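Student: Sequence lines, in order, name chains U and Z.
Under our numbering, the first residue of the first sequence carries the number 48, and numbering increases by one thereafter.
Under our numbering, the first residue of the second sequence carries the number 3, and numbering increases by one thereafter.
Beta carbons are placed, not taken as given, at the ideal position from N, Cα and C, and that holds for glycine.
The structure displayed is predicted, hence computed values, not measured ones.
Sending over a structure as structure tokens; questions will come in a sec.
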Amino acid sequence: MPYLSAMLGRRIQDESGQALGRVTDLVVEPAAKFPPVKGIVARPGRRGERIYIPWSDVAEVRGDRIVLLRQPSGVQADEGDVFLYRDLLDKQIVDMNGYRIVRVSDIRISMSGGEMRVIGADVGALAFLRRLGLHSLAEKLRSERSDVLRDRIVPWNLVSPVGPMPYDVRLSVPYREFLEIHPSDLADIIEQLPEDQRAKILALIEAPKAAEVLSQILPGIRSEVADSLDDERLSDLLEIMPPDEAADILGSLPREKAQFLLTLMGIKEASVVSELLGYEPTTAGGRMTTEFIAVPDHITASDTIDRLRDEAPEAETIYYVYVVDRDGHLSGVLSLRDLLRARADVRVGSLMMRDVITTDVDDDQETVAEKLTRYNLLAVPVLNEDHVLKGIVTVDDAIDVIRQESGEDFSQLSGVPFEEEGTPVRDALDPRRWGATMLAFFGGILATGLFAIFRSEFLLALAIVYFVPLALRATHDVSVWSLAAAVSDIHEESTAPSTIGRLLAREYTYTLAAAALISGLGLAAGLIWVHNWEAAVAAAIGLFVAIAVAGMLGLGLPLALKRARPGPAVGPGRIVVVLATATSLVCFLAVSDLLLRALH
Amino acid sequence: MAERRNSWLNKTNVLMMLSVLGPGIIVSMVDNDAGGIATYSVAGARYGYSILWILIPTGVLLYLVQEMNARMGIVTGKGLASLIREEFSFRLTAMIMVAMLVANFANTVSEFAGVAASSQIFGISKYIAVPIAAVAIWWLVLKGSYKVVEKVFMLVSLVYIAYIISAILAKPQWNAVAHGLLVPSGQLNGPFVVMAVTIIGTTIAPWMQFYQQSAIVDKGLSVDQLVYERLDTAIGTVFLTIAALAIMICCAAAFFNKAGIGATTITSAEQAAKGLAPVAGQYATYLFAFGLLFASVFAGCILPLTTAYTVCEAFGWEYGVDRKFSQAPKFYTVYTTFIAGGAILILIPRMPLITLMIVSQTIMGMLLPVILTCMLKIIRNRDVMGDYVNGDAYNAVAWIAVIILYALDLLLVISSIFPIGR
Numbered sequence: 048m049p050y051l052s053a054m055l056g057r058r059i060q061d062e063s064g065q066a067l068g069r070v071t072d073l074v075v076e077p078a079a080k081f082p083p084v085k086g087i088v089a090r091p092g093r094r095g096e097r098i099y100i101p102w103s104d105v106a107e108v109r110g111d112r113i114v115l116l117r118q119p120s121g122v123q124a125d126e127g128d129v130f131l132y133r134d135l136l137d138k139q140i141v142d143m144n145g146y147r148i149v150r151v152s153d154i155r156i157s158m159s160g161g162e163m164r165v166i167g168a169d170v171g172a173l174a175f176l177r178r179l180g181l182h183s184l185a186e187k188l189r190s191e192r193s194d195v196l197r198d199r200i201v202p203w204n205l206v207s208p209v210g211p212m213p214y215d216v217r218l219s220v221p222y223r224e225f226l227e228i229h230p231s232d233l234a235d236i237i238e239q240l241p242e243d244q245r246a247k248i249l250a251l252i253e254a255p256k257a258a259e260v261l262s263q264i265l266p267g268i269r270s271e272v273a274d275s276l277d278d279e280r281l282s283d284l285l286e287i288m289p290p291d292e293a294a295d296i297l298g299s300l301p302r303e304k305a306q307f308l309l310t311l312m313g314i315k316e317a318s319v320v321s322e323l324l325g326y327e328p329t330t331a332g333g334r335m336t337t338e339f340i341a342v343p344d345h346i347t348a349s350d351t352i353d354r355l356r357d358e359a360p361e362a363e364t365i366y367y368v369y370v371v372d373r374d375g376h377l378s379g380v381l382s383l384r385d386l387l388r389a390r391a392d393v394r395v396g397s398l399m400m401r402d403v404i405t406t407d408v409d410d411d412q413e414t415v416a417e418k419l420t421r422y423n424l425l426a427v428p429v430l431n432e433d434h435v436l437k438g439i440v441t442v443d444d445a446i447d448v449i450r451q452e453s454g455e456d457f458s459q460l461s462g463v464p465f466e467e468e469g470t471p472v473r474d475a476l477d478p479r480r481w482g483a484t485m486l487a488f489f490g491g492i493l494a495t496g497l498f499a500i501f502r503s504e505f506l507l508a509l510a511i512v513y514f515v516p517l518a519l520r521a522t523h524d525v526s527v528w529s530l531a532a533a534v535s536d537i538h539e540e541s542t543a544p545s546t547i548g549r550l551l552a553r554e555y556t557y558t559l560a561a562a563a564l565i566s567g568l569g570l571a572a573g574l575i576w577v578h579n580w581e582a583a584v585a586a587a588i589g590l591f592v593a594i595a596v597a598g599m600l601g602l603g604l605p606l607a608l609k610r611a612r613p614g615p616a617v618g619p620g621r622i623v624v625v626l627a628t629a630t631s632l633v634c635f636l637a638v639s640d641l642l643l644r645a646l647h
Numbered sequence: 003m004a005e006r007r008n009s010w011l012n013k014t015n016v017l018m019m020l021s022v023l024g025p026g027i028i029v030s031m032v033d034n035d036a037g038g039i040a041t042y043s044v045a046g047a048r049y050g051y052s053i054l055w056i057l058i059p060t061g062v063l064l065y066l067v068q069e070m071n072a073r074m075g076i077v078t079g080k081g082l083a084s085l086i087r088e089e090f091s092f093r094l095t096a097m098i099m100v101a102m103l104v105a106n107f108a109n110t111v112s113e114f115a116g117v118a119a120s121s122q123i124f125g126i127s128k129y130i131a132v133p134i135a136a137v138a139i140w141w142l143v144l145k146g147s148y149k150v151v152e153k154v155f156m157l158v159s160l161v162y163i164a165y166i167i168s169a170i171l172a173k174p175q176w177n178a179v180a181h182g183l184l185v186p187s188g189q190l191n192g193p194f195v196v197m198a199v200t201i202i203g204t205t206i207a208p209w210m211q212f213y214q215q216s217a218i219v220d221k222g223l224s225v226d227q228l229v230y231e232r233l234d235t236a237i238g239t240v241f242l243t244i245a246a247l248a249i250m251i252c253c254a255a256a257f258f259n260k261a262g263i264g265a266t267t268i269t270s271a272e273q274a275a276k277g278l279a280p281v282a283g284q285y286a287t288y289l290f291a292f293g294l295l296f297a298s299v300f301a302g303c304i305l306p307l308t309t310a311y312t313v314c315e316a317f318g319w320e321y322g323v324d325r326k327f328s329q330a331p332k333f334y335t336v337y338t339t340f341i342a343g344g345a346i347l348i349l350i351p352r353m354p355l356i357t358l359m360i361v362s363q364t365i366m367g368m369l370l371p372v373i374l375t376c377m378l379k380i381i382r383n384r385d386v387m388g389d390y391v392n393g394d395a396y397n398a399v400a401w402i403a404v405i406i407l408y409a410l411d412l413l414l415v416i417s418s419i420f421p422i423g424r
């Protein structure tokens, strides 16, 4: 319903039900922000002349029909008006430097109070389905959690043309208009731009907003963007950001650069951030924020509420007030509820709860998350070894941790790579799950097909068949391990390419050793059981090659995918494993076949 | 007169012309790919010199079509897929894209089959030759700039000289060649008509329109270079015709009406190559196989490239050989998938290649009229083409040509579904 694709072709009728034609275009004024539709272009019949109907002549949109108040009054559209279908739909969107980004596949409209407004250009995958007429299928598949199966809207103020536009839609990103968009939407747009454009766009935005946008960009892309910003600018942004986010960004930059940036920042901010930088990212210290509310024990409840009012905009949570002594040692905690219920002149020292659940800066993030969930806390204070309050970890940080950890565990069990915030799919109807199952099926069919193709080789030496389960099992195993190694190595964003290379080389050495071992044992078993040394040798060498290839693909494909799609998500791991296994099975069959023929 | 020639043939103009040359020549040379060589070989072996004349009208038709592409590319600065998406319905675009994907993939597989077959003539295992070829062309486009890639392609085009030498080695009767070329003669029976139609069908293929236009856009030619680009197209068409003639002449001289060989035994390019040895010597075989090898490698690169151009244009994603992987990831992903998929499929023994080829040929046959109709509509649209729309006379000729193509095409599709005389 709220799309241009669904409006086109609708019937138009007058009050009495007399058909007047079908919608062929919608007209808006380009300059307005989220402009209302000011008119409809209709075509009475297949051959009829197009007519313009001003929106003021429209009575209502009833069901899938548009009902008019009166016969079209003959008013014409204005000179500079934009015809959505003619001028915008299917047009190329390019950024300000002429890079092509995507085409306008649909246009999102919103209906309210008898008015239709244009929200923006839809460039998502679902728009393709709608354009093919499959509106209900598109609705059914929609899922906000999916990257692909959701609408991607480029806001109208970004695509609105200046003057008539026979050609491409140029994303005009003047500084003023950017302010209107929500930071996370902006971060979304920036992620989709080519690498060298991202920093330029960010440079156009006013500092406080730019800081927010920067912290919303996906971590993998974010460090690139940060690295290409100019140092002054970046240090300004880091100063404005919450210290824990600034520390995350600095931690992903090269060491020298991070240190230099710290010297550019204000002393106060820099000291907080550099302290945070000292903690391992996966510990309580690495996860915590320093923006909590702490008060001395001698002030009164009403003074505390005043403090709360002052500090609320900055603080991560206002539900807990921590009480500390002169040296910063934590002595107790108050909840917002306690404060509100207390008499105004009571000292917080006598109100507070002394038995606080705390955690140490070096505690593993999983421990912290467990504490938060077990005790139903909104935040847990983090203390150093001297019992000084250093920060708090809030429950929303813990949610990220739980997702990430369960993703990691799941990934290690199954060989399915995890995404930053991905949890294994549980919904029985989720297409991704069935996709994976079907993939397994096609992998199996592929293997069976290979058997059919190589059947004459089996006749040549039936012994080869004995080795097929071993080859399948071993290549699958090796490719899963290699995949896991590659994924975890490239997941460390700070790791330099040369280090990745070294890690992978070490992993591959292991693969080759495993290949040698398995094929050696296979050869021995073959010689003992089948008494056909030709077949055994051929199969053993085939095994070696197959495992070597499986390892190479398991390591190489994720790297290739990573290059193709930057960001922490590593791509379809199952496909990688199926591909690697299938290819290595071909290698096994082909190599042993060739050798058998050579030996015969 | 002398002065005028001087003013036209000055140094700047010649340099300009040389710098424009490329898309037209490459598209024509790639057209003599594994499938093309097979068709020409079989035609020569079965019908001798009498079928040669068909290549001349085919060349003219090809020039007409490709010239329009060159003009559209230069004037609009957009590839054919872009124009189709912008000027026609989304459904039509989607349909064309799906058909192109399937046909181009099948064709890519057959190019790697050509690599496998010709490398085996040289005694190199396909398990070695195909991966090396695939990696080499992948690397070339990934790392090379448009200029470098184009130069490599132009250089590879030279291997078609191998066919001319093969033709000479086969010692044809040149007066019969001249007669067959200049005097149209035909047989009114099913197999001959199908052969003729197949020649035209393999010579004028849908991917060529997409490739040449996209390459022109990628190269960034401007309107004042149109005259040179037309020249480029014309040179390409002439080269294509000469190379095709050489293959036909070679096979006609070696196999036509020879006892024990000919119509029944020569059904593919590698059989033609092997069969040349007893007639024209081992070198002729090697030359022929050498030509086949390079033609296949070359086409195995261009077809995935065309597909990548087409898909990216239709969806509006960044593309271009000059871009880095990170700048145009989808472009290179499509390209890589096609090369990897084609190379892997061909390494699986006993792939039903013939079926694949028939599928591809049928789809392309059905696609060509659709694409040509789109082209003729776009090129008459003043909003898109400005002053460079087809003139009335040119348009009439183009429509007649296209209608002839439709008719032949229909025959081709019918004949690939119900094979006669194969």
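1) Applying the criterion that 16 or more other CB atoms from any shown protein chain within 10 Å of the CB defines a buried residue, is residue 103 of chain U buried or exposed?
2) Looking at chain Z, which residues of the stretch 127-146 of chain U have a Cβ within less than 7 Å of any of its Cβ atoms?
3) Taking only beta-carbon atoms, is residue 110 of chain Z less than 9 Å away from chain U?
4) If you check the beta carbons only, do residue 631 of chain U and residue 600 of chain U fall under 9 Å apart?
5) Quick check on DSSP: helix, strand or coil for residue 101 of chain U?
6) Could you work out which residue in Z:204, Z:167, Z:381 and Z:320 is closest to residue 283 of chain Z when comparing CA atoms only?
7) Report the three-state DSSP secondary structure of residue 103 of chain Z (helix, strand or coil).
8) Please classify residue 85 of chain U as buried or exposed, where buried requires at least 16 neighbouring CB atoms within 10 angstroms.
9) Kindly list, in the order they appear in chain Z, the residues whose Cβ is closer than 8 Å to that of residue 154 of chain U.
10) Restricting to Cα atoms, I'd like to know which of Z:156, Z:211 and Z:349 is closest to residue 106 of chain Z.
11) Can you tell me whether residue 120 of chain U is helix, strand or coil according to DSSP?
12) For residue 509 of chain U, which of U:264, U:643, U:355 and U:304 has the nearest alpha-carbon?
13) If you count every other CB in all the chains shown that lies within 10 Å of the CB of residue 405 of chain Z, and 16 or more means buried, which is it?
14) Just to confirm, is the Cβ distance from residue 178 of chain U to residue 168 of chain U under 9 Å?
15) Is it true that the stretch 168-188 of chain Z meets the stretch 11-30 of chain Z, where meeting means three or more beta-carbon pairs spaced less than 8 Å apart?
16) So is residue 644 of chain U in contact with chain Z if we call contact Cβ pairs under 9 Å?
17) Between the Cα of residue 556 of chain U and those of U:528, U:108 and U:358, spot the shortest distance and give me the residue it belongs to.
18) Using 8 Å for Cβ pairs, my map puts residue 440 of chain U next to residue 408 of chain U. What's the rounded Cβ distance?
19) Would you verify that the beta carbon of residue 329 of chain Z is, or is not, closer than 9 Å to some beta carbon of chain U?
20) So, at 6 Å on beta carbons, what are the nonlocal neighbours of residue 334 of chain U in its own chain, with the 5 sequence-adjacent residues on each side left out?
21) Helix, strand or coil for residue 404 of chain Z per DSSP?
22) Indicate whether residue 88 of chain U and residue 72 of chain U have their beta-carbon atoms separated by less than 9 Å.
23) Measuring CB to CB, does residue 438 of chain U end up less than 9 Å from residue 261 of chain U?
24) Three or more C-beta pairs under 8 Å: does that hold for the stretch 230-238 of chain Z against the stretch 317-335 of chain Z?
25) Does DSSP put residue 130 of chain U in a helix, a strand or coil?
26) Measuring straight from C-alpha to C-alpha, what distance separates residue 490 of chain U and residue 500 of chain U?
27) Nearest chain A C-beta to residue 223 of chain Z closer than 9 Å, yes or no?
28) Quick one: is residue 175 of chain U near chain Z, going by C-beta distance under 9 Å?
29) Looking at C-alpha atoms only, which residue of U:607, U:646, U:306 and U:486 is the closest neighbour of residue 534 of chain U?
30) Less than 6 Å between C-beta atoms, sequence neighbours within five positions excluded: which residues of the same chain meet that for residue 197 of chain Z?
31) For residue 652 of chain U, which three-state DSSP category applies?
32) What in chain Z is Cβ-close to residue 630 of chain U, meaning under 8 Å?
33) What does residue 96 of chain Z reach in chain U if we use C-beta pairs closer than 9 Å?
34) Please classify residue 356 of chain Z as buried or exposed, where buried requires at least 16 neighbouring CB atoms within 10 angstroms.
35) Could you check which residue in U:125, U:231 and U:376 has the C-alpha nearest to that of residue 401 of chain U?
Tutor: In brief:
1) exposed
2) 137, 138, 139, 140 and 146
3) no
4) yes
5) strand
6) Z:167
7) helix
8) buried
9) By Cβ distance, chain Z contributes nothing, its closest Cβ being about 13 Å from residue 154 of chain U, past 8 Å.
10) Z:211
11) coil
12) U:643
13) exposed
14) no
15) no
16) no
17) U:528
18) Not a contact, Cβ separation roughly 10 Å.
19) yes
20) 412, 440 and 444
21) helix
22) yes
23) no
24) no
25) strand
26) 15 Å
27) Among the protein chains in the structure shown, which are U and Z, there is no chain A.
28) yes
29) U:607
30) 45
31) The structure shown does not extend to residue 652 of chain U, since chain U spans only 48 to 647, so no value can be given for it.
32) 346
33) 175, 178 and 179
34) exposed
35) U:376
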